[in-house]
């Protein structure tokens, strides 16, 4: 049980990269932590550093969220630990190989982690947060959610799911005390790229953001109440125009007749 007035933040994929920086930043803000990842040794080392530096309580949970039993254990924690006020869904893997060059079993495992695990943890956390009248879910998506041409299409589809889920949650539950944010990083300097098949050193430096800078920008977006944060996008008006165009289409997407361009020409 957390003693922090801000409660506990549960962060997945917390042993390195973006997740580890979220852990550092949220502890510095006053949150106690539950850190979830597969590597207990890395988690323990990070937890000790953060606890020493911030004085916050830091619990570690070694779990593979691609494993059903481990995933269910984290779900139970989210559903039953009333001290948890924030969930950062960061765990995930990616792919850079073209669609037809990628191993289909690896793509299925990616969906298990990037889509299914994130969805189940969200389902565990959201009702508990609503019952307490408040809570925050941060979902780490990617720019490929709106730019599926950039990388592997299955990865793009997975991150599009994360964005859509976040937007739907906001629509349904914001009035009931649930805050949600989708973060859409571009290329970020973590080991994600090496695991995905393209070392980050092979990318042009001008497109790669340091991980700490990305997380700080994402937290700034959360602080100002953004639903969708794109840390690298210079002009927020571009996203606003994109979203306005989407909203403008909504009333016209379901009708009793097809659009004129699809109607058969009258017989002569």
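Numbering (our numbering), first residue to last: 112 to 379. Think of the CB as a built atom: it goes at the ideal place given N, C-alpha and C, for glycine as much as any other residue.
Minimum C-alpha distance to residue i - residue among the options
i: residue 141; options: 131, 337, 161; result: 161
i: residue 191; options: 207, 236, 216, 215; result: 236
i: residue 297; options: 255, 180, 269; result: 255
i: residue 173; options: 221, 218, 245, 123; result: 123
i: residue 310; options: 357, 138, 208; result: 208
i: residue 232; options: 219, 250, 259; result: 250
i: residue 269; options: 372, 238, 218; result: 218
i: residue 342; options: 329, 349, 200; result: 329
i: residue 257; options: 121, 216, 349, 305; result: 349
i: residue 134; options: 323, 373, 291; result: 323
i: residue 182; options: 283, 228, 374, 293; result: 228
i: residue 143; options: 167, 159, 216; result: 167
i: residue 345; options: 305, 169, 282, 318; result: 318
Bridge-paired residues (DSSP) for residue i
i: residue 122; result: 146, 199
i: residue 170; result: 145
i: residue 300; result: 321
i: residue 340; result: 294
Cα-Cα separation, residue i to residue j
i: residue 132; j: residue 157; result: 10 angstroms
i: residue 334; j: residue 242; result: 23 angstroms
i: residue 130; j: residue 264; result: 24 angstroms
i: residue 171; j: residue 145; result: 6 angstroms
i: residue 193; j: residue 312; result: 42 angstroms
i: residue 136; j: residue 331; result: 11 angstroms
i: residue 271; j: residue 184; result: 26 angstroms
i: residue 351; j: residue 285; result: 19 angstroms
i: residue 149; j: residue 358; result: 40 angstroms
i: residue 337; j: residue 325; result: 15 angstroms
i: residue 117; j: residue 246; result: 10 angstroms
i: residue 354; j: residue 363; result: 15 angstroms
i: residue 186; j: residue 115; result: 22 angstroms
i: residue 316; j: residue 347; result: 23 angstroms
i: residue 368; j: residue 361; result: 16 angstroms
i: residue 267; j: residue 372; result: 30 angstroms
i: residue 169; j: residue 370; result: 57 angstroms
Beta carbon of residue i nearer than 8 angstroms to that of residue j
i: residue 302; j: residue 128; result: yes
i: residue 253; j: residue 198; result: no
i: residue 125; j: residue 165; result: no
i: residue 202; j: residue 221; result: no
i: residue 239; j: residue 176; result: no
i: residue 299; j: residue 320; result: yes
i: residue 230; j: residue 276; result: yes
i: residue 204; j: residue 178; result: no
i: residue 121; j: residue 195; result: yes
i: residue 293; j: residue 274; result: yes
Where the beta strand (DSSP E) through residue i begins and ends
i: residue 246; result: 246–251
i: residue 293; result: 289–294
Residue i: first and last residue of the uninterrupted alpha helix (DSSP H) it sits in
i: residue 282; result: 264–284
i: residue 238; result: 229–243
i: residue 354; result: 347–360
i: residue 137; result: 128–140
i: residue 152; result: 151–165
i: residue 191; result: 179–191
i: residue 175; result: Where residue 175 is concerned, there is no enclosing alpha helix (DSSP H), given that its DSSP letter is neither H nor E.
i: residue 215; result: 215–222
Interface flag, residue i vs chain B, CB-CB below 8 angstroms
i: residue 143; result: The chain labelled as chain B is not found in the depicted structure, where only one protein chain is given.
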